[in-house]
Amino acid sequence: MSNLPRLNQLLKNQSVRVEKSDLPWLLNYAENVARIENVTAVVSDLRSGTSRIFPGKFGILLGIGNYGTENSIWEKAILDLMTEDEREEKYLAELRFFNFLRHVPRHTRPDYYLVSKLRMTVETGCTIDVLHRMYYIYADDAETITHALCLYGSSAIGFVGKSIVANSLTGVSEELTSSSDASILSRREQQVLRLIDSGKTSADIAVVLSISKNTVSRHRQEILAKLQVKNSMEACRIAKAMKII
């Protein structure tokens, strides 16, 4: 099952407290960076659920030179250039990035961005490597994400790995892999979720782990909160996708 609905819910939930969503400076920046760097720039407004696309010369190469707007925070014409597996890898990397940001100090979150190598099939039928950079734009509280900026361009020579998170201030970077997912849940929470996935009830889990039912309930609530889901079924699905369980 796709990670897109989960990621979509997470991002939209971030913008509920923001009253003003229009950022002219961001649109101006995206338009200019598309021209200067020969990239395709996408600005997604998480409150209005719309996107503005500045194709640039790279957009012409991709065959989307006339692509200007999208009534969604997802740039469908660009995503359609990827295979389903490639799209899922992209969504999973963005989900990992979102969770990574939850574990760093609030005031440093705007300093980080995601870099991923994607594969796209262009108008000529050739498949090319594409470098994708994604930045979250925060409200003044440095917690609420209001916009996302995505830049698509030619893959950088020497880029190693599939997805990395980088700090634009310090230059420090680290690869986002399944090994980084395990830190989202504690060891005990992972045990509880595995037992839930196997069909065990709270009473069963309490017996297996030699803890009280109240403690099991608390673990359940913590799991739902950390994975930002509404029920245990969704929690199990997301945890499996991220290889936590």
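Numbering (full-length UniProt numbering) for the sequence shown: 1 to 245.
Glycine residues also receive a C-beta, built at the ideal position from the N, C-alpha and C atoms.
Cβ-based burial, Glu75 [other Cβ within 10 Å; buried from 16]: buried
Selected residue, minimal CA-CA separation from Asn71, among Ala30, Ile53, Leu23: Ile53
Nearest to Thr124 (by Cα), restricted to the options Val160, Leu92, Leu81: Of the listed residues, the one whose Cα sits closest to Thr124 is Leu81.
Report the option in Asn231, Gly49, Arg35, Asp45 whose CA atom is closest to the CA atom of Gly65. Arg35
So the candidates are Val104, Lys162, Arg109; which of them puts its Cα closest to the Cα of Glu88? Lys162
Does DSSP put Lys162 in a helix, a strand or coil? coil
Would you call the stretch 87 to 102 in contact with the stretch 27 to 34, where contact means no fewer than 3 C-beta pairs closer than 8 angstroms? no
Do the CB positions of Lys117 and Ser168 come within less than 9 angstroms of each other? No. Outside cutoff.
Between Ser15 and the rest of its own chain, which residues show a CB-CB distance below 7 angstroms, the 5 nearest in sequence each way excluded? Here Ser15 scores only 47 on pLDDT, less than 50, and its place in the model should not be relied on; the value that follows carries that caveat. Excluding sequence neighbours, Ser15 sits near Leu46, Arg47, Thr144, Ile145, Thr146.
Val39 and Gly56: beta carbons closer than 9 angstroms? yes
Cβ-based burial, Glu189 [other Cβ within 10 Å; buried from 16]: Glu189 should be labelled buried.
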